[in-house]
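Protein chains in written order, with the working numbering: chain Y, 1 to 278; chain C, 1001 to 1313. Each remark here refers to the structure printed beneath this line.
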C-alpha cells in the first residue's frame, strides 16, 4: 500500500501530463475516427465508437461520386505555399547574410523593421490590394497570393536565418578567405553545411503559414485560384449528413501541415516567436 | 558582391586608397544583398497601408463610385459611434484578452508538467502540439460541426452518457464557443514558448537553491517566475498580435453572427459585402492603432531577449 502511494506520488504528475495531452488530442482522434465512419454512424447520439470502418467519405471528398473535386484547390495551395517559400528563401538568404556575417551598419534596426511589418494586421492593407488587383486584372490569380505570402513570411525567415547564419564562426570564414576562397565557394563549403538544417526548418514554417492562410485567399481568389482553406469554407453551413466528409476533408487539408510541423518540431518555437526564442 | 570578397588582398597589393568613393562603394556592396528584401517589404506591406489611411478619409461606396468625396474624419466618427462597429471593437478586445490569458495560464501549467522527466514525455509533447498544426479553418469546422453540434456533436454525446443536459453550445454562448476553439489551438503555442523559457533557466542556480533547502514552491515563486516573466510577456504579446487579427474562427464558427463579429471580420464584411471602402479603411486603421500599441511593447520585449542572446553569444 505504501509503495503504491509512493509510485503514485512519483508518477502522479506524469499521469496528469499524459491525461492533459490526451484531452487536447481527443478532438483530433475523434475527427480521424469519424472520417472512417459511414455518414449514418457519424451522426449518432450517443456517439458510435465501435462502428464499422469505411473509406466512403474520402471517396466522396475526392469527388469520386461526382461533386466538386478538391484537387485544383489542393494544387493551388501547394503551388502558392511552395513557390512563395522559394521566393522567401531567395530574398531572405542574402538579407540574412548582410545582417549576420558581413553586417551593414545599424543592422539591428533593419532587423526590427522586418519584425514590425509582421505586427501590422494584414486586414489593414487588404482593400488597397484588392483594388489594385482588380484594376490590374490580377484577381483570382495564384501569383498575387504568391507575392502576398512572400511578404507575409519574409520577416520570419529573415529573423530565423539571421540567427542561424550568426552561428557560423567568423574565424572559419576568415580562414577560408585567407586561403583564397571566393564568396561562392565560402557560401557553398562553409556557410551552407552549418546553416542548412536551420534553412530547412525556416522553409517548413513558411510553408505552414502560407498553407493555412484564409483571409487573402478568400477575398482575392474565385473559382480558378481557390486554395484548400477556401475550399473548406464550403463546409461552413450544414448540408444534411456530411459529418464524416467534413472530418475527411479537414484531415486531408491539415495533413501537409501536420507533417511539416512535426518534422520541424524543435524549430517551431523559433518560427512562431519570430526568432526571439531559440 | 565581388568587391567585398577580397578586401584584404586588395589592401595588401594595391596602393591604399583613402578616398571616400571606394568606401562608399564598399558600403553599398555590403548593403546590396539586403536591398531586394527591404524594397520588396516596403512596396508590398507599407504602400497598401498608406493607401488605406488615405482611403479612410473618403466617403466611398464601390457601388456608387461617382459619389466619392473627401469627408475628413467622418468615417472614424462612424466607426467609434455606430453601435455595431463599436460592439465589434469591444468584441475584439474581449476575444483577444480572454483567449490570450486563458491559453497563457493553461500553457504555463502544461509547460511545467512537460518540463519534468516522465515516461513518454516526447509522445505527450507531440500530442500537445497537434492542435496547433490543424489548419485553422479545419479546426474551426471541427469545433463547429463535430464537437458543438447539438444533435450529434461529441460534447453532447459524452454528456448523454452521464445523463447531462444537451445544450446548443454555439447559440447559447457564441463568443465563448469561438474562444474555446481558439484556446485549444493557442495553448500549445504558449506551452512551447514557456517550455523554452523553463529550459533556459540557470541550472546551477536551481541546484544551489535546492542545496540551500528551498522548497519547490519557493523555487517556482522566487526563481522560475521572475525568469519566466519575459517569456510570459512575449507569449502574451505575440498571441495578442495573432489573435487581434483572427478571422478564420469567427468567419467559420459563427460567420460573425450572434454578436461575435470582431474588427477584422467587420472590415472584411464592410468592403466585401457592403462595398463601403472608406468605412472599411477607417476600421482597418483602428485595428492598426490597437496593434501598434501592443506591438510597441512586444518589440521592447523581443529586443531585450535579443540583446541578451547577442551578448551571450
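All C-beta atoms in this analysis are idealised placements derived from N, C-alpha and C, irrespective of residue type, glycine included.
Residue 127 of chain Y sits away from residue 1118 of chain C, with the two beta carbons spaced by 7 Å or more. A direct Cα-to-Cα measurement between residue 129 of chain Y and residue 175 of chain Y gives close to 48 Å. Under the three-state reduction of DSSP, residue 1276 of chain C is assigned to strand. Each residue's CA atom was taken as its position, placing residue 1065 of chain C and residue 138 of chain Y some 21 Å apart. The beta carbon of residue 1293 of chain C does not come within 7 Å of any beta carbon belonging to chain Y, so the residue lies off that interface.
Apart from sequence neighbours up to five positions away, the residues of its chain that approach residue 1178 of chain C with a beta-carbon distance below 8 Å are 1095, 1249, 1250, 1253, 1254, 1260, ordered along the chain.
Residues of chain C whose Cβ lies closer than 7 Å to the Cβ of residue 125 of chain Y are, in chain order, 1045, 1048, 1049, 1052. Short of 7 Å from the beta carbon of residue 1265 of chain C, and not among the five residues preceding or following it, lie these beta carbons of its own chain, in chain order: 1247, 1250, 1251, 1256. According to the DSSP assignment, residue 1230 of chain C belongs to the alpha helix (DSSP H) that extends over 1225-1244. DSSP places residue 1043 of chain C in no alpha helix (DSSP H); its state is neither H nor E.
Within chain Y, no C-beta atom comes less than 9 Å from the C-beta of residue 1078 of chain C; the nearest is roughly 16 Å away. For a Cβ distance threshold of 9 Å, nothing in chain Y lies close to residue 1269 of chain C: the least Cβ distance comes to about 11 Å. Beta-bridge pairing by DSSP links residue 1023 of chain C to no other residue.
In the three-state scheme derived from DSSP, where H, G and I count as helix and E and B as strand, residue 24 of chain Y is classed as helix. DSSP places residue 1156 of chain C in the helix class (H, G or I) of the three-state scheme. DSSP places residue 212 of chain Y in the helix class (H, G or I) of the three-state scheme. By the 16-neighbour rule on beta-carbons within 10 angstroms, residue 102 of chain Y is buried. About 19 Å separates the beta carbons of residue 207 of chain Y and residue 70 of chain Y, which is beyond the 8 Å limit, so they are not a contact pair. Around the beta carbon of residue 106 of chain Y, a 10 Å sphere encloses fewer than 16 other beta carbons of the protein chains shown; the residue is thus reported as exposed. Your pair residue 1089 of chain C and residue 1263 of chain C checks out as a contact, with CB atoms roughly 6 Å apart and the cut at 8 Å. In this structure, residue 229 of chain Y keeps its C-beta atom at 7 Å or more from the C-beta atom of residue 1124 of chain C.
In this structure residue 47 of chain Y is buried. Its beta-carbon is surrounded by 16 or more other beta-carbon atoms within 10 angstroms. Residues 241, 243 of the same chain have their beta carbon placed closer than 8 Å to that of residue 43 of chain Y, with the five preceding and five following residues left out of the count. Using a Cβ-Cβ cut-off of 7 Å, residue 1266 of chain C does not count as an interface residue toward chain Y, since no Cβ of chain Y sits closer than that to its own. Contacts between residue 1245 of chain C and chain Y, judged by CB atoms closer than 8 Å, involve 121, 122, 123 in chain order. Taking the C-beta atoms as reference points, residue 1108 of chain C is found nearer than 7 Å to residue 1194 of chain C.
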